[in-house]
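Below you'll find the structure, written out as structure tokens, and then a few comments.
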DNA sequence: CCCCAACCGTGCGCTAGCGTACATGATTGA
DNA sequence: TCAATCATGTACGCTAGCGCACGGTTGGGG
């Protein structure tokens with residue numbers, strides 16, 4: 001067991017010491033560079049990624065050119081649930097959305113460990129369920145909620161996963177996440193700024209009034225957050241406290 | 001319990017005889033009655049359902065009144081992946097969309113059997129992955145594809161799961177699946193009828209020109225179908241293993 | 001320190017689908 | 001058989017967001 005990097009990833013931190021020790025030697029830190037592609041749609045996923053800081057984005061590209069974020073993965077989750085479920089290739093593109101750092105682990109070791117039915121298995125299964133819930137919510141959200149509300153939702157979800165109130169995110173990038181025109185983001189974000197909820201200049205977004213932003217967002221933010229919070233209930237997200245079977 | 005009902009459900013049919021025999025005594029046939037609710041959002045899921053015929057629909061309801069189908073489950077799948085993933089309550093409402101019949105199994109037995117890591121575990125995991133892919137595709141589809149294409153997609157997916165070219169489905173029901181107004185469905189379905197792809201009268205839809213309908217549908221239909229087909233590749237979806245009359 | 005590339009603001013005509021309302025045809029059960 | 005109910009057709013003004021185009025601003029590298 002070599003020296004581990006600092007682990008902020010909640011799934012890894014929730015593992016009992018023995019389990020973490022077992023997989024520790026397979027973990028390799030990787031920087032998350034904004035815009036860098038970590039997995040391509042239809043291609044084999046070589047590693048499972050556990051973000052410590054920053055944010056990874058799962059993007060679906062349509063043949064006719066449209067692109068949209070299917071889910072975002074931060075320190076509460078991992079990239080690689082499809083491998084866990086027995087599918088070798090990634091159905092989506094995986095790209096870093098907010099700069100940070102992750103640890104990754106070759107898929108074969110990830111599978112071997114999760115097949116043991118321990119805490120890792122349990123947490124990854126639980127996270128998969130949260131992803132399903134989140135996807136279902138997003139299906140409805142995209143259909144019924146307007147751009148400003150969806151934009152607020154996305155900013156809140158991002159805020160939850162970064163440290164501090166300021167992060168870098170261009171409107172161009174936001175427009176891909178939301179599946180709308182860049183110009184549309186300008187209008188929606190402009191409204192949120194005018195309302196005093198956020199401020200931004202050249203890709204630097206600051207959450208000024210989080211409570212206000214929450215009123216502007218649709219219910220979907222809360223629904224997904226609760227689902228993710230529920231994952232770690234009972235497990236103090238710290239290495240040694242875990243009574244999961 | 002005694003003799004099993006005829007099993008058309010592809011997951012159950014793909015199980016080795018020993019496994020099927022083990023769970024057979026827990027299986028109970030249930031009629032699928034259109035509009036009947038089989039699980040409610042936020043409430044415990046008591047059984048896993050394996051449709052033999054007909055279709056079950058997973059519906060997400062928003063607080064502000066919107067409703068939309070998140071996925072449809074036919075004989076290729078099951079209802080209950082969340083239980084499989086360690087979550088007791090259903091995140092969505094489950095309702096029958098096309099009349100038919102399913103077999104169901106109490107969740108505790110479903111969990112016990114799938115925990116053994118046999119064929120059932122493998123297939124349910126694989127199906128969960130397909131659901132995730134399908135959800136991701138639907139997120140993009142709802143954002144970028146117009147109503148007529150989405151309507152065609154839905155009709156094709158339904159056609160795949162029923163026997164024969166005619167099935168009962170009201171425009172009202174279709175409008176919920178698609179998350180649009182009933183009047184919108186009239187227009188979209190009217191266009192498909194005018195083009196000679198389908199015909200319908202009072203809730204009885206007939207697929208007249210399937211190839212034509214496929215040209216009208218978006219790519220999403222194919223993407224999801226291939227994912228579902230892939231599930232059973234190589235597995236002994238063989239008739240002789242299963243034909244328990 | 002200045003320039004240039006990245007980022008953001010805005011305008012305008014356009015369209016899909018909405019909300020609402022009302023009318024007509026089909027099916028069914030008393 | 002005939003209402004009552006269910007299912008479908010259609011119309012009309014309305015709005016969010018699109019596609020496109022262009023101009024303005026900012027900040028970091030040379």
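Chains as they are written, first to last, in our numbering: chain A, 1 to 245; chain B, 1 to 245. We treat Cβ as the ideally placed atom computed from N, Cα and C, and that holds for glycine. Since we're looking at a predicted model, the values are computed, not measured.
Item, Value
"Where residue 44 of chain A and residue 187 of chain B are concerned, what is the direct C-alpha to C-alpha distance, given to the nearest angstrom?", "42 Å"
"Cβ of residue 139 of chain A less than 8 Å from any chain B Cβ?", "yes"
"Does residue 139 of chain B pass the burial test, meaning 16 or more other C-beta atoms within 10 Å, or should it be called exposed?", "buried"
"Return the first residue and the last residue of the alpha helix (DSSP H) that residue 193 of chain A is part of.", "182–194"
"How close, in whole Å, do the beta carbons of residue 174 of chain B and residue 132 of chain A come, if the pair is a contact with beta carbons under 8 Å?", "So it is not a contact: roughly 24 Å between Cβ atoms."
"Express the C-alpha separation of residue 159 of chain B and residue 97 of chain A in angstroms, rounding to a whole number.", "39 Å"
"Between A/57, A/219, A/16 and A/168, which lies nearest to residue 202 of chain A when the distance is taken from Cα to Cα?", "A/168"
"If we cut at 8 Å on Cβ distances, does residue 37 of chain A have a partner in chain B?", "no"
"Counting only runs of 3+ residues fully inside the segment 19–63 of chain A, write out the beta strand (DSSP E) ranges in chain order.", "28–32, 37–39 and 47–61"
"Give me the residue from B/114, B/52 and B/67 with the minimum Cα distance to residue 32 of chain B.", "B/52"
"Using the C-alpha atoms, what's the distance from residue 233 of chain B back to residue 145 of chain A?", "39 Å"
"Here's a check: name, in chain order, each residue in its chain whose Cβ is nearer than 7 Å to the Cβ of residue 92 of chain B, leaving out the five neighbours to either side.", "41, 58, 59, 60 and 70"
"What three-state label does DSSP hand residue 157 of chain A in the structure shown?", "helix"
"Relative to chain B, which residues along the segment 126–138 of chain A have a C-beta separation below 7 Å, given in chain order?", "126, 128, 129, 131, 132, 133, 135, 136, 137 and 138"
"Please state whether the Cβ-Cβ distance between residue 192 of chain A and residue 151 of chain A is less than 8 Å.", "yes"
"Where does residue 75 of chain B fall in DSSP's three states?", "coil"
"According to DSSP, is residue 6 of chain A part of a helix, a strand, or is it coil?", "coil"
"Would you say residue 109 of chain A reaches chain B, if we count a Cβ-Cβ gap shorter than 8 Å as a contact?", "no"
"Could you check what DSSP says for residue 135 of chain B in three-state terms: helix, strand or coil?", "helix"
"What first and last residue would you give for the beta strand (DSSP E) that runs through residue 110 of chain A?", "First-last for residue 110 of chain A: 107–114, but that is the alpha helix (DSSP H), not the beta strand (DSSP E)."
"Ends of the alpha helix (DSSP H) at residue 175 of chain B?", "171–178"
"Cβ closer than 8 Å: which chain B residues qualify as neighbours of residue 68 of chain A?", "139, 140, 143 and 144"
"Given this structure, state the Cα-to-Cα distance separating residue 216 of chain B from residue 99 of chain A, to the nearest angstrom.", "41 Å"
"If the cut is a Cβ gap below 8 Å, which residues of chain B does residue 63 of chain A touch?", "219"
"The beta strand (DSSP E) spanning residue 201 of chain B covers which residue range?", "198–201"
"Round the Cβ separation of residue 90 of chain A and residue 136 of chain B to the nearest angstrom and send it over; I've been treating them as touching at under 8 Å.", "About 11 Å; that fails the 8 Å criterion."
"Give me the chain B residues within the contact set of residue 192 of chain A, using Cβ-Cβ distance strictly less than 8 Å, ordered along the chain.", "The premise fails here: residue 192 of chain A is roughly 19 Å from chain B at the closest Cβ pair, so nothing lies under 8 Å."
"Would you verify that the beta carbon of residue 85 of chain B is, or is not, closer than 8 Å to some beta carbon of chain A?", "yes"
"Which residues, in chain order, does the segment 166–200 of chain B contribute to contact with chain A at a C-beta distance below 9 Å?", "178, 179 and 180"
"Quick check on DSSP: helix, strand or coil for residue 99 of chain A?", "strand"
"Report yes if the CB atom of residue 49 of chain B is closer than 8 Å to the CB atom of residue 126 of chain B, and no otherwise.", "no"
"Give me the residue from A/29, A/190 and A/37 with the minimum Cα distance to residue 213 of chain A.", "A/190"
"So, with DSSP's three-state summary, where would you put residue 232 of chain B?", "coil"
"Take the Cβ of residue 116 of chain B as the centre, count every other Cβ of all protein chains shown within 10 Å, and call the residue buried at 16 or more, exposed below.", "exposed"
"Is the CB of residue 51 of chain A under 8 Å away from at least one CB in chain B?", "no"
"Please tell me whether residue 92 of chain B has its Cβ less than 8 Å away from any Cβ of chain A.", "yes"
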